[in-house]
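Comments concern the structure below.
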Amino acid sequence: PQSWDDDEKDAWQVFTFKNLFEQEHWRMMTSVDRAALESIRDQLWC
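Residue numbers for the sequence shown follow the working numbering, so the first one is 256 and each next one is one higher.
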């Protein structure tokens, strides 16, 4: 198991990254851009 510091840091990174996907500009991206970023997101969150 990771230390609490590592867990908190990882949780914050995921939280911050998730917020990027929920911002206004996300809906303005093309489907290709979305697919590419979702692929990156899935890799980070798995």
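For every residue, glycine included, the Cβ atom is placed at its ideal position computed from N, Cα and C. From a predicted model like this one, the values you see are computed outputs, not experimental measurements.
Under the three-state DSSP convention, the category residue i falls into
i           : result
residue 285 : coil
residue 256 : At residue 256, the pLDDT of 46 sits below 50, so the modelled position is not reliable; the number obtained from the coordinates is stated separately. Reduced to three states, the DSSP call for residue 256 is coil.
Assumed close pair residue i, residue j - CB separation to whole angstroms, cut-off 8 Å
i           : j           : result
residue 296 : residue 270 : So it is not a contact: roughly 13 Å between Cβ atoms.
Proximal residues to residue i (C-beta, below 8 Å), its chain only, five neighbours per side dropped
i           : result
residue 288 : none
residue 300 : 269
Residue i CB to nearest heavy atom of the ligand PLP below 7 Å
i           : result
residue 296 : The model on display carries no ligand, and the ligand PLP is accordingly not part of it.
Cutoff 7 Å; reference residue i; Cβ partners in own chain excluding five residues on either side
i           : result
residue 291 : none
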